[in-house]
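Down below is the structure, laid out as structure tokens.
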Amino acid sequence: MMVQENGVPAGMKHYSAEFKADAVLYRSRLGATVRSVAADLGVNTETLRNWIRAADGRRSGAHSAPPAAVQAGGDAVQAELAAARKRIREPEEERDILRKASPVFRDGDALVNRCQFVEDHQRRHGVKRLCDIFGLSRSSFYYWRRTAAARAARQAVDAGLAARIRKAHQDSDGTYGVPRITAELRDQAGRSSITSGSPGSCGPSGSRGSACAAGTAPRSRTRWR
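Note that my numbering has the sequence shown beginning at 35, numbered continuously upward.
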């Protein structure tokens with residue numbers, strides 16, 4: 035039987051897997067061509083091309099579809115890294131929040147300041163996160179926010195009253211005390227109700243309207259210092 039130098043019988047077309055792998059590797063050498071390698075190994079050119087295509091397909095499949103176990107292991111590692119980053123990021127975020135809040139909490143009502151800070155920064159950090167950091171219950175925060183309009187109205191009334199008290203004190207050159215200023219404010223409130231004509235007042239629709247119109251309405255206020 036005639037045998038070629040590569041150890042493959044001349045009359046047989048069966049080649050071992052090792053021989054095929056060596057042939058493909060031989061083809062990858064610099065300057066080598068399919069035709070020259072096939073001639074050197076004594077194989078058909080098209081046969082060598084088929085071996086090369088098969089080897090390329092196996093390598094491509096190995097890269098594009100990793101084994102399920104390897105992929106699952108990679109996912110677990112990624113999840114663990116994400117959790118570690120979160121554990122590191124949370125304390126840093128908490129320190130940043132407390133640093134920003136420190137000047138705000140120095141003065142005024144502590145509860146109001148905390149609620150206002152949560153209101154101002156909830157878009158970035160979230161209500162739950164901020165309430166946890168400040169030891170504030172979310173129900174307290176939501177109640178504070180729900181009653182904001184009523185508080186604003188009450189504050190406006192208080193501000194108006196304070197302005198009238200200051201004016202009465204200034205008009206008296208600082209001589210009026212609390213009782214006298216209180217009487218003045220009540221008198222002003224009475225005149226306001228006369229102008230508005232509320233029922234029972236000294237106005238057009240009040241029971242004493244005629245007396246007021248005649249300028250004989252009784253003065254009920256008491257003057258004292």
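Yeah, the Cβ is synthetic: ideal placement off N, Cα and C, and Gly gets one too. These numbers come from a predicted model, not from an experiment.
Beta-carbon proximity check, residue i vs residue j, cutoff 7 Å
| i | j | result |
| --- | --- | --- |
| residue 69 | residue 86 | no |
| residue 128 | residue 167 | yes |
| residue 72 | residue 79 | yes |
| residue 215 | residue 202 | yes |
| residue 146 | residue 175 | no |
Delimiting residues of the alpha helix (DSSP H) encompassing residue i
| i | result |
| --- | --- |
| residue 164 | 161 to 168 |
| residue 60 | 51 to 61 |
| residue 195 | 182 to 205 |
| residue 73 | 68 to 75 |
Counted within 10 angstroms of its Cβ, other Cβ atoms place residue i as buried (16 or more) or exposed
| i | result |
| --- | --- |
| residue 57 | buried |
| residue 148 | buried |
| residue 135 | buried |
| residue 77 | buried |
| residue 75 | buried |
| residue 273 | Residue 273 is absent from the structure shown; the chain starts at 35 and stops at 259. |
8 Å Cβ shell around residue i - same chain, five flanking residues per side excluded
| i | result |
| --- | --- |
| residue 198 | 219, 222 |
| residue 165 | 152, 171, 172, 175 |
| residue 179 | 149, 153 |
| residue 162 | 172 |
Cβ neighbours of residue i in the same chain (closer than 7 Å, five flanking residues each side left out)
| i | result |
| --- | --- |
| residue 54 | 85 |
Same chain, Cβ closer than 6 Å to residue i, five either side skipped, listed in chain order
| i | result |
| --- | --- |
| residue 160 | none |
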